[in-house]
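Notes follow the structure.
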Amino acid sequence: MNFILSRAACLLGVCAFILGAPPQARALDRTNEVFKIFQFPADQIPRIDGDTNDWNMVPESYVIGTDQLVEDFGKHQVTDASTPKIRLKVGWVKGLNRLYFLYEADDDYWDFSEPGLHNDTFELVVDGDLSGGPLIEKFSPAKPLIGQWETYFTLHGTQAQNYHIFTPSAGKDWCMAWGPAQWTKELPYANAAQKYDFKPGEPGHYVLEFWITPFDYAGAEGPQRAVESVLKENKLIGMSFALIDYDDVRSGDTNNGFWNLSRHHTMYGQADQLCGFKLMPLEPALQKKLAAQWSFQVVDMDRRLVAFKDLSVGEIKSWHWDFGDGETSTDANPIHTYKNPDHYVVVLEVEGPAGKSRRAKVWDVAVK
Ligand SMILES: [Ca+2]
Ligand SMILES: [Ca+2]
Ligand SMILES: [Ca+2]
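All residue numbers for the sequence shown refer to our numbering, where the first residue is 648 and numbers rise by one.
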């Protein structure tokens, strides 16, 4: 009996081993936390100029501070006086595949006179579709098969991206987009502006405002074959960052500290070790009480069959569609067949406790 039980336990053990942890626990670090990405209204997109005023609307609950970081070389306590004190805000805009950042930091020694990697650095890693997996050549399982440089030029940074952002950057590009896809750090895929008034070796306050475009695929060959990560409300993406603090130009390549949001030092090259960031809806105070909006899709052009989709915001009690051909519907999401080829003026009117709202689209809906 005991033998049978232990066999059963063993089999269960094997089974548990094969099934492993739930996928979300394996794909990310700090799985009991979700960091928030603030949604800016489309008419209040931050201007990349180093002026922080356009970020004042971001609530404090979105701020990531030094207290969230881990010093993973054990050199310092996070409260150490030489630790850069940071405040990071991350934002997005519905309809744009861009991640906006406001990075503010105070450091006792800003180290940025050298042209190379020796520079106070904000290292950002993004995996826009939670694919996970190794993102740098060093960790790629392909490396023993195809060699270091073939791996670098075909795989490094393709499915998750690492930006070594120089804080400040003086006499050098604002960042190293780690890998061969250097086009990802330029417009129209990224933009950055910084503000500071200290010299190398001095203490001071640093402000960096930037945005990047995350990619499901970003190759060495250029943007023509790239696939942007589609940013959608409530979507979870993988992201982490590290502060690489240099406090003395004479110390060569050795940094003074390496602080991580992820608990894993190797998050810089392992997308499974990133943290979950959620693309948040608009804060309630910024939401319209009622606004009609809709989209459509021609389901079958031969039959002039069009599906309409309500995208209105706010509490809605009734819908009224005018299809522009004399016919109407009170469904939320009607399907309509047009009798004649034409382009139509289609109007949706919604009504709720906050009143009425109308959205017309002129000639968008056309059938032949
Ligand atoms: Ca600004
Ligand atoms: Ca990815
Ligand atoms: Ca420093």
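Virtual Cβ for every residue (Gly too), placed ideally from N, Cα, C. Keep in mind it's a predicted model, so treat the numbers as computed, not measured.
- About 5 Å separates the beta carbons of Phe955 and Phe943, which is inside the 8 Å limit, making them a contact pair.
- The region 710 to 720 makes contact with the region 900 to 918; the number of CB pairs closer than 8 Å reaches 3 or more.
- A direct Cα-to-Cα measurement between Tyr864 and Lys1003 gives close to 43 Å.
- The residue from Thr831, Thr901, Gly999, Trp941 with its alpha-carbon nearest to that of Gln871 is Thr831.
- Secondary structure of Ala979 (DSSP, three-state): coil.
- Counting along the chain, no beta strand (DSSP E) covers Trp796; the unbroken alpha helix (DSSP H) around it starts and ends at 795 to 802.
- For Gly848, the closest alpha carbon among the candidates Pro835, Ile812, Asp895, Leu890 is that of Asp895.
- Secondary structure in the region 670 to 730: the beta strand (DSSP E) runs of 3 residues or longer, each lying completely within the stretch, are 682 to 687 in chain order.
- Within 6 Å of the C-beta of Tyr747 there is not a single heavy atom belonging to ligand 3.
- The region 775 to 783 makes no contact with the region 704 to 712: fewer than 3 CB pairs, one atom from each, lie closer than 8 Å.
- Fewer than three Cβ pairs drawn from the region 797 to 811 and the region 924 to 934 lie within less than 8 Å of each other, which leaves the two stretches out of contact.
- Counting every other CB atom within 10 Å of its CB across the protein chains shown gives Ala837 a total of 16 or more, marking it as buried.
- Between Asn744 and Glu875 the beta-carbon gap is near 4 Å, inside 8 Å, which marks them as a contact.
- Look at which beta carbons fall closer than 6 Å to any heavy atom of ligand 1; those residues are Pro693, Arg694, Asp696, Asp698, Asp701, Glu856.
- The alpha-carbon of Lys732 is positioned some 39 Å away from that of Val960.
- Where Arg734 is concerned, the enclosing beta strand (DSSP E) starts and stops at 732 to 740.
- Rounded to the nearest whole angstrom, the C-alpha separation of Ser729 and Ser708 is 26 Å.
- For Phe970, same chain residues with a beta-carbon under 7 Å away, outside a window of 5 residues either side, are His983, Tyr991, Val993 in chain order.
- The DSSP-derived three-state label of Asp957 is strand.
- With a threshold of 16 other beta carbon atoms within 10 Å, Arg897 falls short and is exposed.
- Burial of Asn902 is indicated by the presence of at least 16 other C-beta atoms within 10 angstroms of its C-beta.
- The beta carbon of Ser887 sits no closer than 6 Å to any heavy atom of ligand 2.
- DSSP places Ala939 outside both helix and strand once states are collapsed to three, so it counts as coil.
- Assignment of Leu933 by DSSP, reduced to helix, strand and coil, places it in the helix class.
- In this structure Gly916 touches Ile783 by the C-beta definition: roughly 4 Å separates them, less than 8 Å.
- At least one heavy atom of ligand 3 lies less than 6 Å from the C-beta of Tyr756.
- DSSP, reduced to helix, strand and coil, places Val772 within a strand of the structure shown.
- At a cut-off of 6 Å, the beta-carbon of Asp774 counts as near ligand 2: some heavy atom of the ligand is closer than that.
- DSSP places Gln808 inside the beta strand (DSSP E), whose first and last residues are 808 to 813.
- The straight-line gap separating the alpha-carbon atoms of Gly742 and Gly899 is approximately 44 Å.
- Close CB contacts of Thr977 within its chain, under the 8 Å cut and outside five residues either way in sequence, are with Ser965, Trp966, His967, Trp968 (chain order).
- Our two residues, Gln691 and Trp702, have alpha carbons roughly 9 Å apart in a direct line.
- Rounded to whole angstroms, the separation of the alpha carbons of Gly794 and Leu802 is 11 Å.
- As DSSP reads the structure, Leu834 sits in no beta bridge.
- The three-state reading of DSSP puts Met914 in helix, counting H, G and I together.
- Closer than 6 Å to some heavy atom of ligand 2: that describes the Cβ of Gln806.
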